[in-house]
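First comes the structure, then the notes that go with it.
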Amino acid sequence: MANKTTLRCTSCGREFEAQAYPLINVATDPSLKDKVRDGSLFVAECPYCGAHNLVRSQTIYHDPDGKLMVWLLPEGALPESQEKALEAALTADSPEGYTLRRVGDVGSLIEKVNIHEAGLEDTVIEMCKYLTRLELSEKDKENSAAIMAAPMKFYRFEGADSAIIFSYPLSGKMQGASVGFNVYEDCRAILARNPSVTIPPGFARIDTPWLERFFK
Numbered sequence: 002m003a004n005k006t007t008l009r010c011t012s013c014g015r016e017f018e019a020q021a022y023p024l025i026n027v028a029t030d031p032s033l034k035d036k037v038r039d040g041s042l043f044v045a046e047c048p049y050c051g052a053h054n055l056v057r058s059q060t061i062y063h064d065p066d067g068k069l070m071v072w073l074l075p076e077g078a079l080p081e082s083q084e085k086a087l088e089a090a091l092t093a094d095s096p097e098g099y100t101l102r103r104v105g106d107v108g109s110l111i112e113k114v115n116i117h118e119a120g121l122e123d124t125v126i127e128m129c130k131y132l133t134r135l136e137l138s139e140k141d142k143e144n145s146a147a148i149m150a151a152p153m154k155f156y157r158f159e160g161a162d163s164a165i166i167f168s169y170p171l172s173g174k175m176q177g178a179s180v181g182f183n184v185y186e187d188c189r190a191i192l193a194r195n196p197s198v199t200i201p202p203g204f205a206r207i208d209t210p211w212l213e214r215f216f217k
């Protein structure tokens, strides 16, 4: 389900209309899944200068077959009272057995979908990221603080017993890091041994701040 939104081009400054998707149901329109995963659904080309602009708007990604709902709500998009009321309504209407997640930016929505499509758990992936940042920072003392603060993202999974690839920015360039599937299994075991690590009810924010509340 698409509607029109007005964007101001970040390059030429002119306003133009673009498509926004308040609801992305990949059961009714399967073609949308690939466009979400590669990010193209959230990019609009300026008709005046050809620049690509990111469409930032509230979105619900719904995969009924995969039992996944991800709510993209950019910071400050709604008044707090309206935000809480909407979350309560969405949670009440969510079918049993669903994974419910909330994110604040397009990149995080794409990441959640890609993790789910890879058959992995985002909680375990966050643990993998945390340990990977620790290891990288130990090897590169000079950039230790920057590595620990870097927004690391899941990039791809190359299959069972193979590598999980992450990407992160450092010194103005994108870097890559990989861990074996054995690390993923170790991280799942770490979480299992720490029952205090809990997932909040409703549309949970599962990200670096969530994990660091338990391990930092």
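In terms of our numbering, the sequence shown opens at residue 2 and continues consecutively. Built from N, CA and C at the ideal position, the CB exists for glycine as well.
Euclidean distance between Cα positions of C10 and E16: 6 Å
Beta-carbon spacing of V71, V114 below 8 Å: yes
Through-space distance from Q176 to A147, alpha-carbon basis: 12 Å
Local Cβ density within 10 Å of Y49, reported as buried at 16 or more and exposed below that: Counting other Cβ atoms within 10 Å of its Cβ, Y49 stays below 16 and is therefore classed as exposed.
Integer-rounded CB distance, given that G203 should sit under 8 Å from L101: 6 Å
Exposure label - H63; buried when at least 16 CB within 10 Å: buried
P170 versus A178 - alpha carbon distance: 11 Å
Proximal residues to Y138 (C-beta, below 7 Å), its chain only, five neighbours per side dropped: Note on identity: in this sequence residue 138 is Ser, with Tyr being the wrong assignment. Result list for S138: S145, I148 and M149, in chain order.
Nearest neighbour of P152, chosen from E118, V184 and S109 [CA to CA]: S109
Whole-number beta carbon distance between F182 and K130, since they are thought to touch under 8 Å: Not really, about 15 Å apart at Cβ, beyond 8 Å.
Whether T124 touches L55 by CB criterion (8 Å): With contacts defined by Cβ atoms closer than 8 Å, T124 and L55 do not form a contacting pair.
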